[in-house]
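Numbering (our numbering), first residue to last: 8 to 355.
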């Protein structure tokens, strides 16, 4: 080897040493809801996160329900494959009790300090990442004015034209709680008799208690005229259908449903998971997702446009019934049993 060749080789070696090894890409798996949630959350949160963190590749693992997520996590407990999970708060509590999650607080996720108080539930390892609320859905061609009461669903013109996701789904359960309070019920943990009686009045008009794939499709097509659903999905479906489906909060009020974001205990990408959760709770990400899918934000510093806020329950907080979902979980099976005895027979 001549001197020039040796010099060139040394230069290449030196350059390689100075550059160091290429940064390894971390693979992060986020388990959350399928359908519209996956589509909108990917665009509003996951894609901007990956742009800001090119060394972290996020894979979205979709499942149809929180119950399905919990079953998946249980099966993987010895060797978790998901790193972050977004699910309903009551199911998150069950996962917390089973040791499936790592506690989130200011020490590991700095943005927690800016969350609204009701986004932090002491007995739950995760924290609130979105607030949604129950709405009365209606087909704008069949129902010309926004219904003022949930009990509109009991009226004769809507025989066979009502769709409600029934108990144990939170949407059916939420309807029971709202109508229980509206009819004089005072302690939903003791009994919801008045709420069950009210829903039993609606039952003869119910076309199905298990709308497939979701409650929004039959209302958009006109197969149903009224139904019970979530505001966020209703708003997006309204946009996509050209206004065929609309949503309103009736005079009896509504309830908040809380989705929590959770760190999976023993996750393979634990450090990247913390980075992602902190971003998901940031004002920037919260603003983006609220303006994309109309969930109310959980970060108090998120500056949401007025147009987007108008399509959430934020300006109707006086209509929001306070619900302790964790305490309610203890009597949920009892309510479901009463639902089967008192409501379902009325729909036959």
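The beta carbon of each residue, even a glycine, is placed where N, CA and C say it ideally should be. The model shown is predicted, which means the values in this text are computed figures rather than measured ones.
| Item | Value |
| --- | --- |
| Quick one, which of 35, 195 and 72 has its alpha-carbon nearest residue 328's? | 195 |
| Quick one: what does DSSP say residue 68 is sitting in, helix, strand or coil? | strand |
| Whose CA, out of 281, 110 and 172, lies closest to the CA of residue 223? | 172 |
| Mind checking residue 219: buried by the 16 CB within 10 Å criterion, or exposed? | exposed |
| What residue range is occupied by the uninterrupted beta strand (DSSP E) comprising residue 57? | Careful: residue 57 lies outside any beta strand (DSSP E), inside the alpha helix (DSSP H) at 54 to 59. |
| Check residue 107 in the structure and name its three-state DSSP category. | coil |
| Grab the span of the alpha helix (DSSP H) containing residue 284 for me, first residue to last. | 277 to 287 |
| Of all the beta strand (DSSP E) runs that stay within the bounds of the stretch 176 to 221, which reach a length of 3 or more residues? | 213 to 215 |
| For residue 241, which residues of its own chain have a beta-carbon under 7 Å away from its beta-carbon, when the five flanking residues on both sides are left out? | 142, 144, 223, 252 and 254 |
| So, helix, strand or coil for residue 138, using DSSP? | strand |
| For a test of the three-state rule: what should DSSP assign to residue 29, helix, strand or coil? | Low local confidence applies: a pLDDT of 48 at residue 29 is under 50, so the model's placement there is unreliable, with the coordinate-based value given in what follows. Of the three classes helix, strand and coil, the one that applies to residue 29 here is coil, per DSSP. |
| Are residue 134 and residue 119 closer than 7 Å when you measure CB to CB? | yes |
| Looking at C-alpha atoms only, which residue of 307, 146 and 73 is the closest neighbour of residue 127? | 307 |
| Straight-line CA distance for residue 151 to residue 277? | 51 Å |
| I'd like to check one pair, residue 262 with residue 202: are the Cβ atoms closer than 7 Å? | no |
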